[in-house]
Amino acid sequence: MHSTTDRRLRTRLTSINKHIRADRPPFGATENVVLRRFTTLAGDPRRVGEMYQFWFRTRGCTFDRAGQCSMCNYGVGPDIDPRHIARALQWRMTSVPENAFIYVSPSGSLLDPREVPRELLTSVLAEVARHKPAAFAFESRPELCTPEIFGEIGAALPRSTKVVVELGVESWSTSIRGMCHLKPSPQQAYERAVRLAAEHGFDVIANITLGGLGLTHAAAYTDTVASVRGTRAAGFTTQMVFPLSAKTGTLLGWAHGQGLWEAPTLWMLIRVLAECAAEGEATGRSRDLDISWYNPGLEGVIQSRPDGCTACRPVLVDVLEAFRLEPSAATLSPALGWSGCDCPARTDRMLEPSPRDPVYRDRLVEIADRWDAVQRDRDRRSLPLLPSADGQ
Ligand code: SF4
Ligand SMILES: [Zn+2]
Numbered sequence: 079m080h081s082t083t084d085r086r087l088r089t090r091l092t093s094i095n096k097h098i099r100a101d102r103p104p105f106g107a108t109e110n111v112v113l114r115r116f117t118t119l120a121g122d123p124r125r126v127g128e129m130y131q132f133w134f135r136t137r138g139c140t141f142d143r144a145g146q147c148s149m150c151n152y153g154v155g156p157d158i159d160p161r162h163i164a165r166a167l168q169w170r171m172t173s174v175p176e177n178a179f180i181y182v183s184p185s186g187s188l189l190d191p192r193e194v195p196r197e198l199l200t201s202v203l204a205e206v207a208r209h210k211p212a213a214f215a216f217e218s219r220p221e222l223c224t225p226e227i228f229g230e231i232g233a234a235l236p237r238s239t240k241v242v243v244e245l246g247v248e249s250w251s252t253s254i255r256g257m258c259h260l261k262p263s264p265q266q267a268y269e270r271a272v273r274l275a276a277e278h279g280f281d282v283i284a285n286i287t288l289g290g291l292g293l294t295h296a297a298a299y300t301d302t303v304a305s306v307r308g309t310r311a312a313g314f315t316t317q318m319v320f321p322l323s324a325k326t327g328t329l330l331g332w333a334h335g336q337g338l339w340e341a342p343t344l345w346m347l348i349r350v351l352a353e354c355a356a357e358g359e360a361t362g363r364s365r366d367l368d369i370s371w372y373n374p375g376l377e378g379v380i381q382s383r384p385d386g387c388t389a390c391r392p393v394l395v396d397v398l399e400a401f402r403l404e405p406s407a408a409t410l411s412p413a414l415g416w417s418g419c420d421c422p423a424r425t426d427r428m429l430e431p432s433p434r435d436p437v438y439r440d441r442l443v444e445i446a447d448r449w450d451a452v453q454r455d456r457d458r459r460s461l462p463l464l465p466s467a468d469g470q
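Be aware that the sequence shown starts at 79, since it is given in the numbering used here, and climbs by one per residue.
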């Protein structure tokens with residue numbers, strides 16, 4: 079439960095986030111479906127295979143329209159004709175062989191009828207079922223996971239398909255989730271969704287961020303490790319760690335432009351994974367970690383990404399690629415033994431908590447105050463010049 083001061087601050091940040099989002103250029107009405115293919119680990123039991131990841135255009139995430147979440151820009155677009163999008167998806171799916179992994183994502187939540195009309199969801203499920211995939215994954219908010227919709231998904235797909243539900247947990251701390259990420263989903267909604275998924279035999283992935291708005295590097299590190307611990311205890315099948323990037327059209331990206339947020343380093347991610355993998359292996363939860371967004375291209379909406387120097391970056395990206403397919407502490411050894419630059423030592427110094435570090439609330443207030451100051455300055459500059467008293 080947030081205090082009144084927190085609620086006020088959250089309302090302020092959400093309204094700033096809405097403002098920033100309003101300037102995003104929308105998708106073109108012809109950009110309907112995008113397919114990306116890569117090798118990954120999925121299925122039941124988990125094995126390495128080909129993932130066919132489909133994105134399809136919608137008007138955008140409903141929650142994003144409400145000023146959530148501080149780090150996300152999945153894009154917005156004009157209203158869609160569901161039949162048109164269903165046909166485009168059907169056409170792009172023709173190349174998918176049986177027994178593959180299929181991931182389908184709109185610009186937000188597949189289960190949100192305000193974003194994906196039910197007739198479109200029904201067509202998507204029927205099309206996925208036709209390809210008899212080994213695994214079918216999609217992302218949603220926990221509030222949208224209901225017995226009815228899970229029942230419909232289970233009934234539409236072959237029994238051999240492992241259904242995987244990805245939930246954006248961001249942080250297992252409700253205050254960090256609500257204040258830093260501006261995501262108000264309550265803990266009970268996640269716990270209910272995990273229980274419901276277990277009843278249907280679905281897997282659930284917890285998407286956990288590294289580097290939330292307002293957190294120092296040391297606080298971000300601690301929060302991610304604690305969140306992995308929390309989602310493991312809550313029964314999530316997989317903990318997927320996302321180091322954040324600054325994206326245009328988001329509050330996080332704006333704060334980065336103002337020097338008020340910095341992306342976590344790739345070494346932070348390596349340290350988080352090493353600690354969580356060792357803890358998992360010691361408690362019988364081996365191979366339940368995954369990672370994403372550790373190497374986004376610096377084009378499109380990405381302004382700044384998790385990084386190392388030119389010497390260590392390629393080594394770390396290779397190690398992280400290997401970790402995706404074999405998520406164990408041993409896979410991280412080449413990074414942990416690296417001595418080719420001083421980036422790991424610098425990260426270690428950044429991760430030392432200092433009592434002088436401001437708490438995230440103070441840092442969030444600073445971001446909101448900076449926004450107000452920038453707006454005041456802009457308004458002052460745009461005032462028309464008044465003629466002086468002598469008419470000059
Ligand atoms: S993180 Fe998910 S819920 Fe939040 S704005 Fe992005 S798509 Fe929407
Ligand atoms: Zn380096």
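Think of the CB as a built atom: it goes at the ideal place given N, C-alpha and C, for glycine as much as any other residue. Just so it is clear, the structure is predicted and the values come from calculations on it, not from any experiment.
Sub-7 Å separation of residue i and residue j beta-carbons
{"i": "Leu-322", "j": "Met-149", "result": "yes"}
{"i": "Glu-244", "j": "Lys-261", "result": "no"}
{"i": "Cys-354", "j": "Cys-387", "result": "no"}
{"i": "Gly-155", "j": "Arg-170", "result": "no"}
{"i": "Gly-331", "j": "Gln-381", "result": "yes"}
{"i": "Ala-407", "j": "Leu-394", "result": "no"}
{"i": "Arg-363", "j": "Pro-374", "result": "no"}
{"i": "His-278", "j": "Gly-232", "result": "yes"}
{"i": "Leu-288", "j": "Ala-304", "result": "no"}
{"i": "Tyr-438", "j": "Cys-147", "result": "no"}
{"i": "Pro-422", "j": "Arg-365", "result": "no"}
{"i": "Ser-183", "j": "Arg-219", "result": "no"}
{"i": "Ile-445", "j": "Ala-324", "result": "no"}
{"i": "Trp-371", "j": "Gly-308", "result": "no"}
{"i": "Leu-189", "j": "Ala-234", "result": "no"}
{"i": "Thr-302", "j": "Val-350", "result": "yes"}
{"i": "Gly-145", "j": "Thr-89", "result": "no"}
{"i": "Asn-151", "j": "Val-379", "result": "yes"}
CA-to-CA distance, residue j to residue i, given in whole angstroms
{"i": "Thr-239", "j": "Phe-216", "result": "13 Å"}
{"i": "Gln-470", "j": "Trp-449", "result": "The predicted model places Gln-470 with a pLDDT of 47, which falls under 50 and marks its position as unreliable; any figure quoted below should be read in that light. So the two alpha carbons sit approximately 35 Å from each other."}
{"i": "Ser-185", "j": "Thr-409", "result": "33 Å"}
{"i": "Arg-115", "j": "His-209", "result": "16 Å"}
{"i": "Leu-329", "j": "Ile-98", "result": "7 Å"}
{"i": "Ala-100", "j": "Gly-327", "result": "8 Å"}
{"i": "Pro-195", "j": "Pro-160", "result": "7 Å"}
{"i": "Leu-222", "j": "Thr-252", "result": "18 Å"}
{"i": "Asp-157", "j": "Ala-360", "result": "50 Å"}
{"i": "Pro-236", "j": "Ala-207", "result": "6 Å"}
{"i": "Arg-391", "j": "Gly-415", "result": "14 Å"}
{"i": "Leu-198", "j": "Val-443", "result": "42 Å"}
{"i": "Ile-94", "j": "Phe-141", "result": "15 Å"}
{"i": "Ala-213", "j": "Arg-125", "result": "11 Å"}
{"i": "Asp-385", "j": "Cys-139", "result": "28 Å"}
{"i": "Leu-167", "j": "Ala-276", "result": "29 Å"}
{"i": "Tyr-268", "j": "Gly-256", "result": "14 Å"}
{"i": "Pro-264", "j": "Arg-270", "result": "10 Å"}
{"i": "Pro-191", "j": "Ala-389", "result": "47 Å"}
{"i": "Val-452", "j": "His-80", "result": "28 Å"}
{"i": "Pro-211", "j": "Ile-348", "result": "32 Å"}
{"i": "Gly-246", "j": "Val-282", "result": "11 Å"}
{"i": "Ala-164", "j": "Arg-458", "result": "49 Å"}
{"i": "Gly-229", "j": "Arg-441", "result": "44 Å"}
{"i": "Arg-456", "j": "Leu-376", "result": "29 Å"}
{"i": "Thr-425", "j": "Pro-433", "result": "18 Å"}
{"i": "Glu-205", "j": "His-162", "result": "14 Å"}
{"i": "Ile-286", "j": "Pro-342", "result": "14 Å"}
Nearest residue (CA-CA) to residue i, options the options
{"i": "Leu-367", "options": "Trp-345, Pro-384 and Leu-398", "result": "Leu-398"}
{"i": "Asp-435", "options": "Ala-213, Gly-292 and Asn-373", "result": "Gly-292"}
{"i": "Ala-120", "options": "Pro-225, Val-241 and Trp-416", "result": "Val-241"}
{"i": "Glu-226", "options": "Ser-411, Leu-274 and Met-257", "result": "Leu-274"}
{"i": "Ala-284", "options": "Ala-267, Met-318 and Thr-302", "result": "Met-318"}
{"i": "Ser-417", "options": "Ala-324, Ala-107, Trp-345 and Ala-451", "result": "Trp-345"}
{"i": "Gly-106", "options": "His-80, Phe-134, Thr-92 and Thr-118", "result": "Phe-134"}
{"i": "Ala-400", "options": "Pro-103, Lys-96, Val-111 and Thr-117", "result": "Thr-117"}
{"i": "Glu-357", "options": "Glu-340, Thr-224, Val-306 and Arg-441", "result": "Val-306"}
{"i": "Pro-104", "options": "Asp-122, Arg-143 and Leu-113", "result": "Arg-143"}
{"i": "Ser-173", "options": "Asp-396, Ala-341, Ser-201 and Leu-113", "result": "Leu-113"}
{"i": "Glu-430", "options": "Ser-460, Phe-280, Thr-300 and Pro-462", "result": "Thr-300"}
DSSP bridge partner residues for residue i (one or two, in chain order)
{"i": "Glu-248", "result": "Ile-286"}
{"i": "Glu-30", "result": "Any question about residue 30 goes unanswered here, given that the chain covers just 79 to 470."}
{"i": "Ala-324", "result": "Ser-382"}
{"i": "Trp-133", "result": "Val-112 and Ser-183"}
{"i": "Glu-217", "result": "Glu-244"}
Cβ of residue i within 7 Å of any chain C Cβ
{"i": "Leu-442", "result": "Reference to chain C is not applicable here, since this structure consists of a single protein chain."}
Proximity test, residue i beta-carbon vs ligand 3 heavy atom, cut-off 6 Å
{"i": "Gly-415", "result": "For the structure depicted, ligand 3 is absent and the ligand set comprises only ligand 1 and ligand 2."}
Quick check: the segment 300 to 315 against the segment 83 to 97, are at least 3 beta-carbon pairs closer than 8 Å? no
Quick check: the segment 169 to 183 against the segment 128 to 135, are there 3 or more CB pairs under 8 Å? yes
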